[in-house]
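I have placed the structure first, in the form of structure tokens, so that the comments after it can refer back to it.
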Amino acid sequence: MRKLISAMKISLDGKISGPDGSDADWVNGWSDDYGLTEQIDACVIGGLYPDYEQYWTRIQQEPEKILAETDKKPTPGEVKWARFAEHTPHYVLSSTVSSALWPMTNFFRGIEDVAELKKQGGRDIYLIGGARTVASLIDAGLVDELRLIVYPLIAGDGRALFGTTKRRQLLDLRETHQLSEGRVMLIYDIKATINS
1 MRKLISAMKI SLDGKISGPD GSDADWVNGW SDDYGLTEQI DACVIGGLYP
51 DYEQYWTRIQ QEPEKILAET DKKPTPGEVK WARFAEHTPH YVLSSTVSSA
101 LWPMTNFFRG IEDVAELKKQ GGRDIYLIGG ARTVASLIDA GLVDELRLIV
151 YPLIAGDGRA LFGTTKRRQL LDLRETHQLS EGRVMLIYDI KATINS
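Next comes the structure, spelled out in structure tokens:
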């Protein structure tokens with residue numbers, strides 16, 4: 001069975017965005033810094049898909065142009081991910097989002113659709129987010145691996161990655177990698193749900 005891998009960039013206190021859902025301004029690029037592109041051939045994403053598609057489409061079309069969200073040009077890693085995403089099937093898990101510009105986009109209405117996708121042949125699947133989607137799929141026992149890039153700051157108010165997780169999970173730390181600028185990548189296998 002294919003693995004479902006959630007990978008996120010978080011602050012030391014577990015935040016993935018600002019208090020109003022604004023971008024995590026401490027993240028210096030949204031490229032695949034997790035080493036996933038050689039391992040995956042599909043992406044699952046929640047209701048944040050329209051913003052995701054718009055952001056990466058702009059990079060695909062104008063890779064040298066300054067982005068309004070960051071006031072910077074895309075990094076080489078972001079351009080690489082934009083090209084990869086353009087040719088990779090995306091599955092949107094949402095009860096409200098129903099249209100997409102990208103032709104390789106499909107829509108899921110329930111987590112059982114993700115379970116069926118895992119049973120199909122292919123490489124592993126990247127669970128992009130957002131926080132509620134990740135939490136619901138962890139709670140359903142469908143996430144096999146968690147990759148976190150932890151930034152060395154305390155964000156304070158903001159959206160917590162695990163703020164809506166309903167069950168305690170036992171994790172097995174498989175790898176740690178020291179990255180530049182004090183960041184650390186942690187790779188966990190999700191072992192089991194702990195009943196409380």
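Numbering-wise (UniProt numbering), the sequence shown opens with residue 1 and increments by one. Don't be surprised by glycine CBs; every beta carbon is placed ideally from N, CA and C.
Asked, Found
"Beta-carbon proximity list for V27, same chain, < 8 Å, skipping 5 on both sides", "K9 and Y151"
"Endpoints, the beta strand (DSSP E) within which I16 is located", "K15 to S17"
"Cα-Cα separation between T88 and V184, rounded to whole angstroms", "27 Å"
"Distance, I59 Cα to A7 Cα", "21 Å"
"Element boundaries [alpha helix (DSSP H), containing residue 203]", "Not covered by the structure: residue 203. The range shown for the chain is 1 to 196."
"Contiguous beta strand (DSSP E) assignments of at least 3 residues, all confined to the region 154-196", "168-178 and 184-194"
"Option in W56, D71, G182 and S94 with minimal Cα separation from G77", "W56"
"Straight-line Cα distance separating F107 from S11", "30 Å"
"Beta strand (DSSP E) segments (min. 3 residues) lying fully within the region 96-157", "105-108, 124-129 and 145-151"
"Contact belief for K15 with D124 at Cβ below 8 Å, rounded distance in angstroms", "K15 to D124, Cβ: 26 Å. No contact."
"Residues that DSSP places opposite K72 in a beta bridge", "L67"
"Residues of its chain near D33, where Cβ-Cβ distance is below 8 Å and the 5 sequence neighbours each way are ignored", "K9, G77, I149, L179 and M185"
"Option in E145, R109, G18 and A155 with minimal Cα separation from L171", "E145"
"Nonlocal neighbours in the same chain, by C-beta distance under 8 Å from L101, ignoring five residues either side", "E53 and T57"
"Backbone secondary structure at D25 - three-state DSSP", "coil"
"Length of the line joining the Cα atoms of Y91 and Q120", "14 Å"
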